Amino acid sequence: MQMDNMDNKQQFMHTPQYPVILCGFMGCGKTTIGKRIAKLSNLKFIDMDDYIVDKAGMPITEIFEKYGENYFRDLEHNACKDIAKMKGVIIAAGGGALTFERNIKALKEHNGRIIFIEVPLNEIAKRLRGDKSRPMLNRKDKDKAMKELYEKRYPLYKAAADYIIDGCDEPDKVAQVILKFINITDKVM
Ligand code: S3P
38 MQMDNMDNKQ QFMHTPQYPV ILCGFMGCGK TTIGKRIAKL SNLKFIDMDD YIVDKAGMPI
98 TEIFEKYGEN YFRDLEHNAC KDIAKMKGVI IAAGGGALTF ERNIKALKEH NGRIIFIEVP
158 LNEIAKRLRG DKSRPMLNRK DKDKAMKELY EKRYPLYKAA ADYIIDGCDE PDKVAQVILK
218 FINITDKVM
């Protein structure tokens, strides 16, 4: 068999005409899994936080410090509106992005597929031990704040999602399952 023109990438029959968005709590693996998906397919990876940082010209921690959470959420909403119009991209959303109705609405208006990466709280807590990069958790009562935020957000992620996936598996396996899902939905659409 001629293998010259073949690579390891999973090709789509045609580029999906919508963005694929990974959502879930901080530390669930959105960025790692998103990058794997991009490696395995012809989708382009975009990290929503990086997109916001580029536009704002300063890191997330500085945006929170200087202007507060509400200002960050407005920048995040603008990012969602931009991303909604993109095609053939795999997006790692910020952990709070898909808990706001206006963001879900913007993404779904353009047929965005939302995938919730589900990881239990005890595993998230393990992964985020010692992490100082998340302003939402940068406080003395970190464990309590994390639990409250997790419990508040969990049903919101579930409600927003077109597909829920176990994020405790190996990133490569999770990436493969997501690619399968995208291909299936591609064919029935
Ligand atoms: C946030 C999660 C972060 C980032 C910001 C706010 C949140 O993204 O958007 O610090 O509200 O959960 P990650 O989920 O990529 O850490």
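In our numbering, the protein residues as written are 38 to 226.
Even for Gly, the Cβ is constructed at its ideal location relative to N, Cα and C.
Only a predicted model underlies this, so the values are computations on that prediction, with no experimental measurement involved.
Flag this pair as yes or no: are the beta carbons of T68 and A129 separated by less than 9 angstroms?
-> Yes. Within cutoff.
Does DSSP put L158 in a helix, in a strand, or in coil?
-> L158: helix per DSSP, three-state reduction.
Hey, out of M123, G125, V90, G204, whose CA is closest to Y108's CA?
-> Nearest C-alpha to Y108: V90.
Among G133, K163, F101, which one has its Cα closest to the Cα of P192?
-> Checked all of G133, K163, F101; the closest Cα to P192 is G133.
Looking only at C-alpha atoms, which of E102, I100, Y88, R110 sits nearest to I120?
-> For I120, the closest of E102, I100, Y88, R110 by C-alpha to C-alpha distance is Y88.
Check whether the region 191-208 touches the region 163-173, counting contact only when three or more Cβ pairs, one atom from each stretch, lie closer than 8 angstroms.
-> Flag = no, the region 191-208 and the region 163-173 do not touch.
Cβ shell of Y200 (< 6 angstroms), same chain only, five flanking positions each side left out = Excluding positions up to five away in sequence, the list reads I152, F218.
Just the C-alpha distance for E207 and Y55, rounded to the nearest angstrom, thanks.
-> Taking the straight line joining both Cα atoms gives about 26 angstroms.
Bridge partner(s) assigned by DSSP for I120 | Per DSSP, I120 has no beta-bridge partner at all.
Name the DSSP bridge partner or partners of C205?
-> Beta-bridge annotation (DSSP): C205 is not paired with any residue.
Rounded distance between the beta-carbons of G149 and L80, thought under 8 angstroms = Not confirmed; about 13 angstroms, so no contact.
How close, in whole Å, do the beta carbons of V211 and G61 come, if the pair is a contact with beta carbons under 8 angstroms?
-> 11 angstroms between Cβ atoms; not a contact.
Heavy atom of ligand 1 within 8 angstroms of I97 beta-carbon | At least one heavy atom of ligand 1 falls within 8 angstroms of the beta-carbon of I97.
So, is S78 buried or exposed, given that buried needs 16 or more other C-beta atoms within 10 angstroms?
-> For S78, the number of other beta carbons within 10 angstroms of its own is at least 16, and it is reported as buried.
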